[in-house]
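Read top to bottom, the protein sequences are chains C and F.
Here our numbering is used: position 64 in the first sequence is 80, and no number is missing along the way.
Here our numbering is used: position 23 in the second sequence is 290, and no number is missing along the way.
Please read the structure below before turning to the comments.
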Amino acid sequence: MSPLVDFTVAGLAAGTTYALVGVGIALVHQVTGIINFAQGEFVMLGALLYALGCEGGLPVSLAISLAVTGTVAAGVAMQVLIIAPARAAGPDRLIMLTIGASILVQGLCLTAFGADQHFAPPFSGESRVQFLTTSFSTQYVWCAVLTAGAVAGLWLLLNRTSWGRMLRATAMDRDTARLMGVSPQAMSLLAFLLAAALAAAAGIVLAPLQPPDATIGVALGLKGFTAAVIGGLGSLFGAVVGGLVVGLVEAGVTGYLSSGYRDVIVFAVLLLTLMLRPHGLLRRSGS
Amino acid sequence: MTEYVLEARGVAARYGHIEALHGVDLTVRAGEAVTLVGANGAGKTTLLKTLVGLVAATRGSIRLRGHDVTRWPVQKRARAGLALVPEGRHVFSGLSVQDNLLIGGHGRGRTAVRRALVDVYDRFPVLARRRRQRAGSLSGGEQQMVAIGRALMAAPDVLLLDEPTLGLAPIVVAEVTDILTGLTGGHTAIVLVEQNTETAFRVAQRGYVLDRGLIRRTGDVADLRTDPEVRAAYLGETSRSQEPLPLPSPRKVTP
Numbered sequence: 017m018s019p020l021v022d023f024t025v026a027g028l029a030a031g032t033t034y035a036l037v038g039v040g041i042a043l044v045h046q047v048t049g050i051i052n053f054a055q056g057e058f059v060m061l062g063a064l065l066y067a068l069g070c071e072g073g074l075p076v077s078l079a080i081s082l083a084v085t086g087t088v089a090a091g092v093a094m095q096v097l098i099i100a101p102a103r104a105a106g107p108d109r110l111i112m113l114t115i116g117a118s119i120l121v122q123g124l125c126l127t128a129f130g131a132d133q134h135f136a137p138p139f140s141g142e143s144r145v146q147f148l149t150t151s152f153s154t155q156y157v158w159c160a161v162l163t164a165g166a167v168a169g170l171w172l173l174l175n176r177t178s179w180g181r182m183l184r185a186t187a188m189d190r191d192t193a194r195l196m197g198v199s200p201q202a203m204s205l206l207a208f209l210l211a212a213a214l215a216a217a218a219g220i221v222l223a224p225l226q227p228p229d230a231t232i233g234v235a236l237g238l239k240g241f242t243a244a245v246i247g248g249l250g251s252l253f254g255a256v257v258g259g260l261v262v263g264l265v266e267a268g269v270t271g272y273l274s275s276g277y278r279d280v281i282v283f284a285v286l287l288l289t290l291m292l293r294p295h296g297l298l299r300r301s302g303s
Numbered sequence: 268m269t270e271y272v273l274e275a276r277g278v279a280a281r282y283g284h285i286e287a288l289h290g291v292d293l294t295v296r297a298g299e300a301v302t303l304v305g306a307n308g309a310g311k312t313t314l315l316k317t318l319v320g321l322v323a324a325t326r327g328s329i330r331l332r333g334h335d336v337t338r339w340p341v342q343k344r345a346r347a348g349l350a351l352v353p354e355g356r357h358v359f360s361g362l363s364v365q366d367n368l369l370i371g372g373h374g375r376g377r378t379a380v381r382r383a384l385v386d387v388y389d390r391f392p393v394l395a396r397r398r399r400q401r402a403g404s405l406s407g408g409e410q411q412m413v414a415i416g417r418a419l420m421a422a423p424d425v426l427l428l429d430e431p432t433l434g435l436a437p438i439v440v441a442e443v444t445d446i447l448t449g450l451t452g453g454h455t456a457i458v459l460v461e462q463n464t465e466t467a468f469r470v471a472q473r474g475y476v477l478d479r480g481l482i483r484r485t486g487d488v489a490d491l492r493t494d495p496e497v498r499a500a501y502l503g504e505t506s507r508s509q510e511p512l513p514l515p516s517p518r519k520v521t522p
């Protein structure tokens, strides 16, 4: 495989994970006004539970169920036990609480599962896909398919169901949605639940590519946040594009410079975006 | 069973340390239309927001169909039958007209929502033609129809409207006035805050005159309309024969 194609495929694969993290962050931010810095920990939890399930001999379908159920339960618990009781506090304090929740989830996982990496096999074994003159692991295809499926499912939910309609209305104008009888607490819970489900999906496809341990969540969360910021924090589509951009930048730096500069350059992109295009690369100022 | 569908007694509200309502009494019977009139800053919008729960009542009680809703959150009051059409319309600009209306019917059964949607489209045919269009792309008058139609989707016991003709062209004001007049006499009671006296007095049967957070006058619209003090205070007309109304000073409240 030529290096350019190699880096591009690897970058897009990693980018799909950041995209799902970014979409989760953007969704929660739109509906609640909070930036959930624990989103990366939920990806870690999903990846870890999936890998542990596989290591424990569970069939893939059961390992996926375990990962999704456990991660969604953690997301719901965070909203019910940490965010909802503090809802009277402003978004600034709630953001601090999400950082606290992130540390808590990581600590609990370190205690429960240790600091070791865990391994999950690719969904389709070691099979490879032939593309022009090169080939790559089918797990990269699974990354694309699962991310596209998750984003399409989210789009359908938001645009074709009454719950989605209420979520979008709450995101646009919380007080007016309340005047229509929509509970902001119920919408907040739904947003956290969906974000956790997206995180679980991201963790499940990531696990075979990057053996997870309990400490990978922080970097994933920050890169997902970078993706959401690049997309403008208010756009789910923007977060997907942002995630792919982050993945490609990361892979390009690793391939053509050094993996030592990878995070430096990704977070430099975040800083530059915040300074020069705080409304994101894809959104017009004030939109 | 109380004779009033909405009953506010001694309601006070404040913004920070400044009290904006000083103990307001307001009653509305089922199907009745009342208007709140008064100069800018009189407390009309604050009263509406307090009735629906967007501003907390610091004293007094608010009862809806006999139930004390004073401490209920906004969304619970909305589901119980209080609907506010806020000033500035506040349509969900990124949603289609139909989605805006369906949000208004949130919590009702599917059949009831379908029937309400047909009713709203009958009342506002232009919305039926534009049902797939984004609400934010409509004209001001059409957005006002969306806001009113959305509130009607809940079949509310009380429909509160805050300046529904503000910022609309005269021909659209006449249209909205006709719509509001058409809403009277049914199941839904109306509480109308309106700077346009023609609209306010045409729609309502009874009126309250608010001034600096207090009810100064109340009575039939026909009487208020000819009351020289009301005309002076509300319509901005001056009369040498009338002494200024004794008005309370704004009170600073110690938290």
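By construction, the Cβ of each residue, glycine as well, lies at the ideal position given by its N, Cα and C atoms.
Asked: For H289 of chain F, list the residues DSSP reports as bridge partners.; Found: F:A279
Asked: Judging by CA-CA distance, which residue of F:P495, F:G355, F:D366, F:V387 is the nearest neighbour of L183 of chain C?; Found: F:D366
Asked: A422 of chain F to G320 of chain F, Cα distance in whole Å?; Found: 19 Å
Asked: Applying a beta-carbon distance threshold of less than 7 Å, which residues of chain F neighbour V96 of chain C?; Found: Those within 7 Å of V96 of chain C in chain F number zero; the least Cβ separation is about 18 Å.
Asked: By DSSP, does G371 of chain F sit in helix, in strand, or in coil?; Found: helix
Asked: D389 of chain F lies in the alpha helix (DSSP H); which residues open and close that run?; Found: 377-390
Asked: Please state if the CB of T464 of chain F and the CB of V476 of chain F are separated by a distance shorter than 9 Å.; Found: no
Asked: Looking at chain F, is there any beta carbon in it that lies within less than 9 Å of the beta carbon of L296 of chain C?; Found: This sequence places Gly at residue 296 of chain C; Leu is not what is there. No, G296 of chain C lies away from the interface with chain F (no Cβ there is under 9 Å from its Cβ).
Asked: Would you say H454 of chain F lies against chain C (beta-carbon separation less than 9 Å)?; Found: no
Asked: Excluding the 5 residues preceding and the 5 following K311 of chain F in the sequence, name in chain order all residues of the same chain whose CB lies nearer than 8 Å to its CB.; Found: L303, V304, G305, D429, V460, L477
Asked: Kindly provide the ranges of any alpha helix (DSSP H) runs that are 4 or more residues long and lie completely inside the region 98-179 of chain C, ordered along the chain.; Found: 107-129, 154-176
Asked: For the region 222-263 of chain C, which segments carrying the alpha helix (DSSP H) assignment without a break, of at least 4 residues, lie completely within its bounds, in sequence order?; Found: 233-246
Asked: With a floor of 4 residues, list each alpha helix (DSSP H) that falls wholly inside the region 420-508 of chain F, ordered by position along the chain.; Found: 437-450, 464-470, 488-493, 495-501
Asked: So with Cβ pairs under 9 Å, would you call D366 of chain F a contact of chain C?; Found: yes
Asked: Nearest CA to the CA of P294 of chain C: which residue from C:V282, C:L273, C:A244?; Found: C:A244
Asked: Closest to A213 of chain C by C-alpha separation, out of C:T163, C:T87, C:V282, would be which residue?; Found: C:T87
Asked: Looking at chain F, is there any beta carbon in it that lies within less than 9 Å of the beta carbon of S178 of chain C?; Found: yes
Asked: Where do the ends of the beta strand (DSSP E) carrying V322 of chain F lie?; Found: That residue, V322 of chain F, is in no beta strand (DSSP E); it is neither H nor E in DSSP.
Asked: Could you give the DSSP three-state label for L74 of chain C: helix, strand or coil?; Found: coil
Asked: Excluding sequence positions up to five away, which residues of its chain have a Cβ less than 6 Å from the Cβ of G259 of chain C?; Found: G31, Y34, A35, G38, A243
Asked: Tell me, please, which residues DSSP counts as bridged to Y34 of chain C.; Found: Answer is none; Y34 of chain C lacks a bridge partner.
Asked: So what does DSSP say about D191 of chain C, is it helix, strand or coil?; Found: helix
Asked: Report the neighbours of S360 of chain F on chain C: residues whose CB is nearer than 8 Å to its CB, in chain order.; Found: M188
Asked: Using only the alpha-carbon positions, how far apart do V358 of chain F and I329 of chain F sit?; Found: 27 Å
Asked: By DSSP, does H295 of chain C sit in helix, in strand, or in coil?; Found: coil
Asked: Compare the beta carbon distance of R356 of chain F and I446 of chain F with 9 Å and say whether it is the shorter of the two.; Found: no
Asked: Pick from F:G298, F:G452, F:H454, F:R332: whose alpha carbon is nearest that of E274 of chain F?; Found: F:R332
Asked: List, in order along the chain, the chain F residues whose C-beta lies closer than 9 Å to that of L288 of chain C?; Found: Those do not exist, as L288 of chain C stays about 29 Å from chain F at its closest Cβ, beyond 9 Å.
Asked: Using the beta-carbon of each residue, which ones in chain F are nearer than 7 Å to S199 of chain C?; Found: Q342
Asked: With a Cβ-Cβ cutoff of 9 Å, do L298 of chain C and G247 of chain C count as a contact?; Found: yes
Asked: For H334 of chain F, write down the residues that DSSP places opposite it in a beta bridge.; Found: F:L331
Asked: Looking at the C-beta of L205 of chain C, does it have a partner C-beta in chain F at a distance below 9 Å?; Found: no
Asked: May I ask you to verify whether the region 92-106 of chain C touches the region 143-162 of chain C, counting CB pairs closer than 8 Å and requiring at least 3?; Found: no
Asked: Counting beta carbon pairs with one atom in the region 275-286 of chain C and one in the region 48-59 of chain C, are three or more of them shorter than 8 Å?; Found: no
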